[in-house]
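As given, the protein sequences belong to chains A and B, one line each in that order. For the first sequence, position 150 matches number 149 in numbering that gives the first Met the number 0, and the numbering has no gaps at all. For the second sequence, position 103 matches number 102 in numbering that gives the first Met the number 0, and the numbering has no gaps at all. Every residue, glycine too, gets a C-beta built ideally from N, C-alpha and C. Nothing here was measured: the structure is a model prediction, and the numbers come from that model. This report concerns only the one structure given below.
There are 2 protein chains.
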Amino acid sequence: MSTDPIPADATTPVSTTAEAAGTDAQDASQVANAWLQRYAQAAAAGEAAGVAELFEEEGFWRDLVAMTWNLHTAEGRSQIRDMLAEVGPGAWPRDIDVTSAETADGVTTVMFTYLNDTFTGKGIARLRDGSCWTFLSSAQELVAHPEPKGRRRILGAEHGANNMSPENWLDRRIKRQEGFGIDEQPYVLVVGGGQGGIGLGARLRRLGVPALIIDKHPRPGDQWRNRYHSLCLHDPVWYDHMPYLPFPDDWPVFSPKDKIADWLESYVKVMELDYWSSTEAKSATYDEESGTWTVTVTRDGEDRILKPTHLVLATGMSGIPNLPDVPGADRFRGDIHHSSKHPGGAKYRGKKAVVVGSNNSAHDICGDLWENGADVTMLQRSSTHIVKSDSLMTHTLGPLYSEDAVEAGIYHDTADLIFASIPYRILADFQRPAFDAIRQQDKEFYEALEKAGFMLDFGADDSGLFLKYLRRASGYYIDIGASDLVARGEIKLVSPAVVAELTETGVKLEDGQELEADVVVFATGYGSMNGWAAQLIDQDVADRVGKCWGLGSDTPKDPGPWEGELRNMWKPTQVENLWFHGGNLHQSRHYSRYLSLQLKARLEGIDTPVYALAESHHIE
Amino acid sequence: MSTDPIPADATTPVSTTAEAAGTDAQDASQVANAWLQRYAQAAAAGEAAGVAELFEEEGFWRDLVAMTWNLHTAEGRSQIRDMLAEVGPGAWPRDIDVTSAETADGVTTVMFTYLNDTFTGKGIARLRDGSCWTFLSSAQELVAHPEPKGRRRILGAEHGANNMSPENWLDRRIKRQEGFGIDEQPYVLVVGGGQGGIGLGARLRRLGVPALIIDKHPRPGDQWRNRYHSLCLHDPVWYDHMPYLPFPDDWPVFSPKDKIADWLESYVKVMELDYWSSTEAKSATYDEESGTWTVTVTRDGEDRILKPTHLVLATGMSGIPNLPDVPGADRFRGDIHHSSKHPGGAKYRGKKAVVVGSNNSAHDICGDLWENGADVTMLQRSSTHIVKSDSLMTHTLGPLYSEDAVEAGIYHDTADLIFASIPYRILADFQRPAFDAIRQQDKEFYEALEKAGFMLDFGADDSGLFLKYLRRASGYYIDIGASDLVARGEIKLVSPAVVAELTETGVKLEDGQELEADVVVFATGYGSMNGWAAQLIDQDVADRVGKCWGLGSDTPKDPGPWEGELRNMWKPTQVENLWFHGGNLHQSRHYSRYLSLQLKARLEGIDTPVYALAESHHIE
């Protein structure tokens with residue numbers, strides 16, 4: 000959870016400065032209106048081909064649920080035409096209302112609100128030379144079921160003697176929360192109550208979807224509390240807001256782990272989420288005929304059967320821990336565990352520790368062990384992308400998630416949409432310049448690491464952190480200090496290192512080197528999220544879902560074919576009524592909107608024809 | 000706490016509509032600039048008389064801490080001149096920056112930010128015929144100690160191996176909270192952890208003032224939880240926000256009591272307040288030489304000595320309960336209690352209840368008892384001002400605290416300031432038209448009540464609820480349904496009624512009438528807040544403080560002399576380092592800013608010469 004990377008500076012040509020004032024702004028507005036007028040004419044005629052003609056030959060239309068009941072990017076004019084034809088004109092944006100238009104580097108970026116038959120939406124288009132380069136349509140609210148906020152908020156009390164109910168708010172709250180599986184079935188069961196499950200739960204609650212979140216820990220936020228002592232979020236505050244209830248304006252830039260844990264616990268309470276702590280899902284089966292799941296959960300030691308219609312796995316985008324099968328593990332006399340089970344460095348004061356791996360967890364744990372006075376050796380197996388937290392803040396986050404952005408009127412919801420408006424196919428081109436700049440700026444830092452023997456990379460195509468995160472969710476470290484320790488030799492490094500076997504007293508490498516160890520930590524990553532489905536449901540269902548995460552970029556650990564969206568995340572899968580939710584704080588916040596709308600529509604019996612449901616891909 | 004009345008429609012001539020667009024807006028801006036230019040010239044010359052000349056002969060200058068280190072209203076040109084002369088030009092507003100100017104009914108209302116030697120401030124002036132009618136100056140932040148928000152927020156984590164501390168956020172948090180009285184003394188001790196103490200605590204925490212809040216209940220929010228079952232706030236959501244962390248935008252209009260309790264409990268946690276539950280203050284003495292209090296508190300049964308510099312009583316603006324000494328109370332066989340001890344109506348199902356009084360608590364309790372199937376009789380002793388909650392919302396709250404206001408860009412902080420900008424001396428004139436309209440609109444409602452024998456009033460000068468609240472904090476009921484029950488005879492009424500004595504089985508009135516009763520509830524109000532000081536410190540200190548609350552209007556229960564501010568509230572008293580905090584949610588929120596700034600300035604050793612410290616008035 001501390002490994003969330005962040006979008007890059009170059010993600011948006013939307014100027015946040017005053018440059019675009021005066022005539023420039025007028026020009027941008029004219030460009031926007033001219034194109035939108037042509038769009039309106041073509042759309043009114045109901046001609047998919049006519050609308051597609053307004054796009055560049057290689058243009059993009061990304062749709063977030065509004066049109067496709069899917070997360071889908073149509074790439075190129077013909078895919079756009081096919082998509083529009085299939086979904087029909089009722090789903091196309093109409094009544095477009097421009098909220099901003101700015102031109103920079105020959106690209107006019109237009110932000111707007113709109114309507115279609117089903118949704119109110121928000122969109123962003125990038126225009127150049129009279130054509131549309133990228134178009135984003137996103138569902139905001141169901142027209143028939145708007146959010147009960149502002150003027151639509153509930154009264155809370157039906158004042159008046161004739162409306163007195165024998166049950167008050169608390170009675171109803173307890174009855175609802177405790178009665179799931181007995182009095183009522185949750186329409187949605189969310190397995191996993193970290194920030195992902197909680198944020199989704201808040202959206203479902205607002206939409207009036209009966210949802211229960213279950214989590215194995217005793218208290219919401221324990222997912223953070225149980226982590227290592229000195230941990231603070233690696234992402235800054237502007238990136239970390241939960242839906243609906245932003246942090247107060249003096250919240251620290253980097254939340255300490257127990258502080259964010261307390262926030263999440265309070266969030267569950269004040270957002271009135273139905274949340275069962277100390278509850279584990281033991282098994283789940285789906286009955287196609289009734290269209291419901293049967294899920295056995297154990298709550299505080301007692302079994303209960305739940306029959307939700309939809310099952311959402313929000314157990315962490317890191318799937319099941321990869322613990323390699325190393326010869327000799329049974330004879331090693333010390334502790335062995337996966338990074339996810341690291342008990343904190345205090346246990347190993349004065350001891351010898353070997354950490355296998357060189358990504359985020361490996362660095363975090365090495366730092367923690369060093370801080371606690373252990374003798375630490377990191378074994379690097381392959382090259383790692385390192386980027387300093389400060390540099391990320393300066394070069395990549397600034398325009399979207401920062402005090403600058405806030406002062407320019409770009410709050411996180413808008414930032415999320417701007418970031419989403421860049422099709423994944425071209426995202427690397429937007430990101431690369433920022434990471435080139437970081438590489439230049441932090442030259443000495445990188446040289447020191449290389450001098451210490453550390454193998455560095457900047458991603459398969461030098462596109463940096465965020466692409467690596469989207470493609471494989473591994474292979475990087477956001478540096479908050481451990482890299483200095485590596486460079487200075489405080490954390491010892493063996494690189495490259497291949498573990499051959501464990502001995503009674505330590506680790507033997509393939510080159511014959513032997514390292515004494517009291518503890519060996521395997522920071523060797525995680526499987527795909529569909530592993531959770533295998534564990535909870537069965538392998539067949541997991542296989543039908545296929546790999547979760549990754550774009551299909553055909554770069555290391557992200558095998559093709561190209562999908563253009565994150566596989567199986569926040570959208571319908573090949574398994575009916577099974578959903579995957581997760582990602583970093585920004586993604587969980589943003590995509591929980593679309594997942595909650597998909598679920599609400601199904602609850603309300605709205606027709607939800609999924610366009611271009613993705614195939615499953617088993618490749619590990 | 001459910002009795003908070005609300006400001007009236009007519010409180011502000013600031014137009015929230017688009018009327019004032021175009022040339023009107025330009026005119027308003029010109030009027031504002033012309034006057035401000037004259038002000039700037041006179042102020043630059045340092046001539047108090049010159050500045051005072053810019054005011055109407057009967058003009059007002061209200062200052063909230065910024066200039067006077069007091070809450071003080073100078074009434075008329077000569078008082079304004081004297082005040083300006085005494086505080087000196089360094090305290091006068093300069094660098095005034097107009098944020099809005101609008102003209103309505105010949106009055107131009109100007110809102111602005113400004114600076115003086117000590118504070119950044121906000122102000123509101125009303126101009127007519129070239130002169131200033133009312134002027135508000137308010138302290139916002141200390142120039143030398145701005146709030147650590149936005150760009151000034153703390154980093155939270157000192158990332159980097161060299162900054163690793165053995166203590167994390169949680170360690171420090173626990174150490175600080177638990178160590179008060181042992182490792183460290185709180186600079187401020189806040190007695191009472193309801194919304195008043197909590198809101199003040201949040202402001203002090205943000206300003207870096209070591210403050211401890213103590214409360215006798217087991218959990219924050221219990222002050223609400225323990226009240227009657229069906230209670231919801233009588234004030235709507237826009238009025239009820241706490242400092243810094245507004246409710247989400249789907250919060251119910253009227254918060255159920257347990258929901259607001261949960262919010263307060265979460266607020267204490269996420270705002271990192273130092274709060275001791277289950278803690279009672281037993282005694283307090285002040286040592287003038289050292290300038291510190293010695294306060295003995297019992298926490299979970301254990302005594303601890305605290306030595307704060309400042310003591311804030313935030314135990315509720317209702318002081319100690321008034322329980323009249325009725326003959327025969329000892330022989331009455333049923334239950335007798337004050338309204339504040341009402342255990343909830345469920346205990347009295349099928350029983351006979353007599354409630355003495357006809358204000359808010361009496362109505363609430365009668366409604367609760369009726370709801371629970373008791374046979375209820377209300378004894379009205381004198382006339383009561385009744386106003387329907389809905390009518391208050393429509394006629395009085397709308398322009399400042401409503402969805403309309405929010406959509407017009409008037410959030411609660413701005414609304415608070417606008418309301419504060421009307422000097423108390425002329426507030427009745429602003430309020431009367433709204434209550435005249437209510438009286439007209441709800442004619443049938445009032446007629447039905449009178450037909451049932453209920454004695455009505457609209458305040459001493461027909462100025463309605465808010466003035467009654469400010470003058471005496473009693474004598475009214477915000478109707479949320481119980482009045483209908485009275486009108487329909489579901490709640491029986493005896494009016495006028497004077498209790499002569501209690502018998503073994505009931506209540507005997509002076510007119511000879513006897514009422515059977517299983518329970519008698521005395522909804523007979525509360526004493527002044529200085530009663531808390533008598534209880535905790537001693538009677539001498541309570542007398543030196545004198546009466547709290549009330550303006551000195553010489554209307555019933557608000558004896559003169561005229562003070563022009565609420566006596567002893569949120570401002571220095573005649574007793575050094577003793578403060579009173581409270582009021583409804585709006586007042587607690589708004590005035591906690593000024594109280595926290597006064598305390599912060601003292602902590603930092605800033606000179607705080609109090610202008611026009613009010614005399615004490617003992618009159619009960």
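Hey, how far is the Cα of residue i from the Cα of residue j?
| i | j | result |
| --- | --- | --- |
| A20/B | Y476/B | Residue confidence is low: A20/B scores 47 on pLDDT, short of 50, so the model does not pin down where it sits. Its coordinate-derived value is still stated next. If I take the Cα positions, the gap works out to 40 Å. |
| L602/B | A65/B | 17 Å |
| S14/A | V386/A | With a pLDDT of 40 at S14/A, under the threshold of 50, the modelled position of this residue cannot be trusted, and the question is left open. |
| D553/A | G192/A | 33 Å |
| G198/B | Y285/A | 50 Å |
| V609/A | W237/A | 33 Å |
| R80/B | G45/B | 11 Å |
| E370/A | D257/A | 19 Å |
| A561/A | G549/A | According to the sequence shown, residue 561/A is Trp rather than Ala. In a straight line, the C-alpha of W561/A is about 9 Å away from that of G549/A. |
| A48/A | A84/A | 8 Å |
| L70/B | A613/B | 10 Å |
| H617/B | D542/B | 6 Å |
| Q379/B | A600/B | 48 Å |
Over the uninterrupted alpha helix (DSSP H) stretch that includes residue i, give me the two end residues.
| i | result |
| --- | --- |
| D257/B | 256–269 |
| M82/A | 76–86 |
| W237/B | 236–239 |
| L596/B | 584–602 |
| E481/B | The sequence given here places Ala at residue 481/B; Glu does not occur at that position. Where A481/B is concerned, the enclosing alpha helix (DSSP H) stretches over 481–486. |
| D363/B | 359–370 |
| V208/B | Unbroken run through V208/B: none, as it is neither H nor E. |
| T413/A | 411–419 |
Counting only Cβ pairs nearer than 7 Å, list the residues of chain B close to residue i.
| i | result |
| --- | --- |
| K646/A | As displayed, chain A neither begins before 0 nor continues past 619, which places residue 646/A out of reach and without an answer. |
| R205/A | D249 |
Is residue i a contact residue of the ligand COA, with contact defined as CB to any heavy atom under 7 Å?
| i | result |
| --- | --- |
| R125/A | Among the components of this structure there are no ligands whatsoever, and the ligand COA is therefore not found. |
List, in order along the chain, the chain A residues whose C-beta lies closer than 8 Å to that of residue i?
| i | result |
| --- | --- |
| I364/B | Those do not exist, as I364/B stays about 14 Å from chain A at its closest Cβ, beyond 8 Å. |
| H228/B | N167 |
So residue i contacts chain A; which residues on that side make the cut at Cβ distance below 7 Å?
| i | result |
| --- | --- |
| D261/B | K268, V269 |
| K258/B | W168 |
What residue range is occupied by the uninterrupted beta strand (DSSP E) comprising residue i?
| i | result |
| --- | --- |
| Y475/A | 475–478 |
| K450/A | First-last for K450/A: 442–450, but that is the alpha helix (DSSP H), not the beta strand (DSSP E). |
| F179/B | Where F179/B is concerned, there is no enclosing beta strand (DSSP E), given that its DSSP letter is neither H nor E. |
| I153/A | First-last for I153/A: undefined, no H or E at that position. |
Just to make sure I have the definition right: I need the residues of chain B whose C-beta is within less than 9 Å of the C-beta of residue i. Which are they?
| i | result |
| --- | --- |
| V252/A | R152, I153, L154, G155, A156 |
| D96/A | The premise fails here: D96/A is roughly 17 Å from chain B at the closest Cβ pair, so nothing lies under 9 Å. |
Mind listing the chain A neighbours of residue i? Cutoff is C-beta to C-beta under 9 Å, in chain order.
| i | result |
| --- | --- |
| Y243/B | P247, D248, D249 |
Query raised in the report: Of the residues that make up the stretch 423–436 of chain B, which ones have a beta carbon closer than 7 Å to any beta carbon in chain A?
Result: Listed by position along the chain: nothing, the set is empty.
**Report entry** Cβ contact check for the stretch 111–122 of chain A and the stretch 82–93 of chain A: 3 or more pairs under 8 Å
**Finding:** Contact between the stretch 111–122 of chain A and the stretch 82–93 of chain A is present, because at least three Cβ pairs lie under 8 Å.
Query raised in the report: Does the stretch 288–298 of chain B touch the stretch 163–179 of chain B, meaning 3 or more C-beta pairs lie closer than 8 Å?
Result: Here the stretch 163–179 of chain B makes no contact with the stretch 288–298 of chain B; the two share fewer than three CB pairs at distances below 8 Å.
Query raised in the report: Are at least three pairs of beta-carbons, each pair with one atom in the stretch 174–191 of chain A and one in the stretch 307–326 of chain A, less than 8 Å apart?
Result: The stretch 174–191 of chain A vs the stretch 307–326 of chain A: in contact.
**Report entry** Residues within the stretch 388–422 of chain B neighbouring chain A, beta-carbon criterion of under 7 Å
**Finding:** So the list reads S388, E402, given in the order they occur along the chain.
Report task. May I ask you to verify whether the stretch 333–353 of chain A touches the stretch 436–454 of chain A, counting CB pairs closer than 8 Å and requiring at least 3? Result -> With a cut-off of 8 Å, the stretch 436–454 of chain A and the stretch 333–353 of chain A do not count as touching, because too few Cβ pairs lie within range.
Requested in this report: Taking only beta carbons into account, state which residues of the stretch 586–603 of chain B come closer than 8 Å to chain A, listed in chain order.
Outcome: Closer than 8 Å at the C-beta level to chain A, one finds no residue of the stretch 586–603 of chain B.
Query raised in the report: Three or more C-beta pairs closer than 8 Å, one from the stretch 128–142 of chain A and one from the stretch 58–73 of chain A: is that the case here?
Result: Using a Cβ-Cβ distance cut-off of 8 Å, the stretch 128–142 of chain A and the stretch 58–73 of chain A are in contact, since at least three pairs of beta carbons, one from each stretch, lie closer than that value.
Query - Cβ contact (3+ pairs, closer than 8 Å) linking the stretch 262–276 of chain A and the stretch 210–226 of chain A - result: The answer is yes - the stretch 210–226 of chain A touches the stretch 262–276 of chain A, with three or more Cβ pairs under 8 Å.
Query raised in the report: Just by C-beta distance, which residues in the stretch 566–583 of chain B are closer than 7 Å to chain A?
Result: If the cut-off is 7 Å between Cβ atoms, the stretch 566–583 of chain B has nothing near chain A.
Query raised in the report: At a Cβ cut of 9 Å, what residues of the stretch 461–475 of chain B count as close to chain A, listed as they run along the chain?
Result: Answer set for the stretch 461–475 of chain B: empty.
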